[in-house]
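Beneath this line is the structure, given in structure tokens, with notes to follow.
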Amino acid sequence: MAKFVFTPSKCSEIKDSYDAIIVGAGGAGLTAAIQANELGLKVAVFEKNAELGGNTNRASSGMNASESLVQINEGIIDNKEDFYQETMQGGGRLNDPELLRYFVDHSAIAIDWLSNHGIELTNLTITGGMSKKRAHRPASMAPVGNYLVTGALKQIQKENIPVFNNSKVIKLVQDDNKNVTGVELETEAGNKIVNAKAVLLASGGFGSSKELIKKYRPDLVDFKTTNQPGATGDGLKLADQIDAQLEQMDFIQVHPTAQTDTDHVYLIGEGLRGEGAILVNKAGKRFVNEMNTRKIVSNSINDLHENGAYLIFDQGIRDNFTAVEFYDHIGLVSHGDTLSEIAEANGINGQNLENTVKTWNEAVSSGNDQEFNRTTGMDRAIDRGPFFAIHINPAIHYTMGGIHITPKTEVLDTNGNIISGLYAAGEVSGGLHGNNRIGGNSIAETVIFGRQAGMQMAEFVHSAK
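So the sequence shown is numbered by my numbering: it starts at 1348 and just counts up by one.
If you want it as structure tokens, here you go:
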């Protein structure tokens, strides 16, 4: 089967005006474009990068939702209140309650909406901080992000929605009443003002901006990042220029399991631990509940002072997390027919590793992890050779802070008033996650609030008419 290739529109085809302009072609922007188009708006998507998809392309674990039909079909009885409370707890109880409530209440319908658009997430896994399998992913267990972007672009192509790459929004245009009425674009053909009745910022976070990391979290400035190079906070700067309110900008997430030994940093998805992998130190011993929140696991790895740690897993776990095939293809995975071979290849204490895995397998069998009280990601033991290890280190992964929005994705100014005509969704917005994002919630955020932005822009434009 030929690989789907999407060809962006030419900058010479950019019109003088649209009903809605969407800044950014990641998960939130593409979802919003589809939803707004279906509700009758003439939409254009502008992406500064050559490649479409943004950080969404790099997401690997899944999309969280509660009370979904997929869960019921697997016999998982979940409830929204648990999802709400666990996300609130994971975020240090600093999450915006209204945003989080909308998010949780609209998560299951977002899975159905994707399914109606040919993007079917029918397999489940679990991420740290969650008590139930809520991370929905493709039946193939392929990384969720690229699957979502590809499916969305197929829909966009089918609906003839124009998407322009290499088109950077450098200014938000306002009228005398401070309403946002369009954008100024920088393209290969020169600069151009494009008018719109509504503008959505869906331009992602700032995990690749040394400038903004240094400004808000100088302690993290030397960390590597899992983000794509274009994640430099452009949308935040655009919003700041027109007095939009930014919040919680120092809340920057470090992901515990990234492969940082090469110039290109690779995220090792949380789903690998969700399927049963464990973390060990150089002494071959576990040192943390691997399914705790990212903040706690990252801090535990840093506290080792051993240049990271090692993910240990077997063929059975590998078979249930197919992203490993990619990790292996690019040389990140070491192999061994036995655990002692894995230990020797990585400078780990072999006898301790064998004892650790034996103790872990007994915990899986009994459902009781006496060492670290892990209760999830215990569906399978590490007992099916060959065995594998990946060396990991924490890396900057996600910026929880951003533009202050209402649950309708409306942008607030520094006085708390709504900036008419301007919306924001996805990582560019702040408040949803508190001080720590739960794995699987970013993809959910892009779809849930991308749809919401599409609906709210449609309502705004139609009411203006």
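Idealized CB from N, CA, C, for every residue including glycine.
Could you name the residues that DSSP lists as bridge partners for His-1602?
-> Ala-1742
Beta-carbon contacts of Phe-1351 that lie in its chain and below 7 Å, excluding the five residues immediately before and after = Thr-1497, Lys-1501
Alpha carbon of Phe-1632 to alpha carbon of Leu-1619, nearest angstrom | The amino acid occupying residue 1632 in the given sequence is Lys; Phe does not appear at that position. Cα to Cα, the separation comes out at about 18 Å.
Spell out the partners DSSP gives Val-1510 in its beta bridges.
-> Val-1392
Using DSSP with H/G/I as helix, E/B as strand and the rest coil, what is Gly-1787?
-> coil
Along the alpha helix (DSSP H) that carries Lys-1642, what are the first and last residues, could you check?
-> From DSSP, the alpha helix (DSSP H) with Lys-1642 extends over 1641-1649.
Applying the criterion that 16 or more other CB atoms from any shown protein chain within 10 Å of the CB defines a buried residue, is Ile-1677 buried or exposed?
-> Answer is exposed; the Cβ neighbour count stays below 16.
So, helix, strand or coil for Ser-1462, using DSSP?
-> helix
Unbroken beta strand (DSSP E) run spanning Asn-1538, endpoints = 1537-1548
Closest residue to Leu-1532 among Asp-1581, Gly-1438, Val-1680 (Cα-Cα distance) = Considering only alpha carbons, the answer is Asp-1581.
Extent of the continuous alpha helix (DSSP H) to which Asp-1366 belongs | From DSSP, Asp-1366 is part of no alpha helix (DSSP H) but of the beta strand (DSSP E) over 1364-1370.
Val-1392 to Gly-1371, Cα distance in whole Å?
-> 7 Å
Given that a residue counts as buried once 16 or more other Cβ atoms are within 10 Å of its Cβ, and exposed if not, what is Val-1546?
-> buried
Taking just the CA atoms, how far does Thr-1703 sit from Ala-1690?
-> Taking the straight line joining both Cα atoms gives about 12 Å.
In DSSP terms, what Ile-1659 is bridged to = DSSP, once it has assigned bridges, lists Ile-1625, Ala-1736 as partnering Ile-1659.
Would Gln-1606 be called buried (16 or more neighbouring beta carbons within 10 Å of its own) or exposed?
-> buried
Contact check, Gly-1621 vs Asn-1740, beta carbons under 8 Å | Result no, Cβ atoms of Gly-1621 and Asn-1740 do not sit closer than 8 Å.
Output the distance between the C-alpha atoms of Phe-1734 and Leu-1441, rounded to the nearest integer angstrom.
-> 40 Å
Counting Cβ pairs closer than 8 Å, one from the segment 1711-1728 and one from the segment 1755-1772, do we hit at least three?
-> Contact between the segment 1711-1728 and the segment 1755-1772 is absent, because fewer than three Cβ pairs lie under 8 Å.
Look up His-1676 in the DSSP assignment and say whether it is helix, strand or coil.
-> helix
DSSP-derived helix/strand/coil call for Glu-1806 | helix
Could you give the distance in angstroms between the alpha-carbon of Glu-1414 and the alpha-carbon of Val-1644?
-> 28 Å
Please work out which residues of its chain come closer than 7 Å, Cβ to Cβ, to Val-1390, disregarding the five sequence neighbours upstream and downstream, and give them in chain order.
-> Tyr-1365, Asp-1366, Ala-1367, Ile-1369, Ala-1380, Ala-1383, Asn-1384, Ile-1508
Okay, do the segment 1454-1464 and the segment 1793-1801 touch, 3+ Cβ pairs below 8 Å being the bar?
-> yes
Could you check where the alpha helix (DSSP H) with Asn-1708 kicks off and where it finishes?
-> 1697-1713
N- and C-terminal bounds of the beta strand (DSSP E) containing Ile-1517 = That run of the beta strand (DSSP E) goes 1515-1521.
Start and end of the alpha helix (DSSP H) containing Arg-1448?
-> 1444-1452
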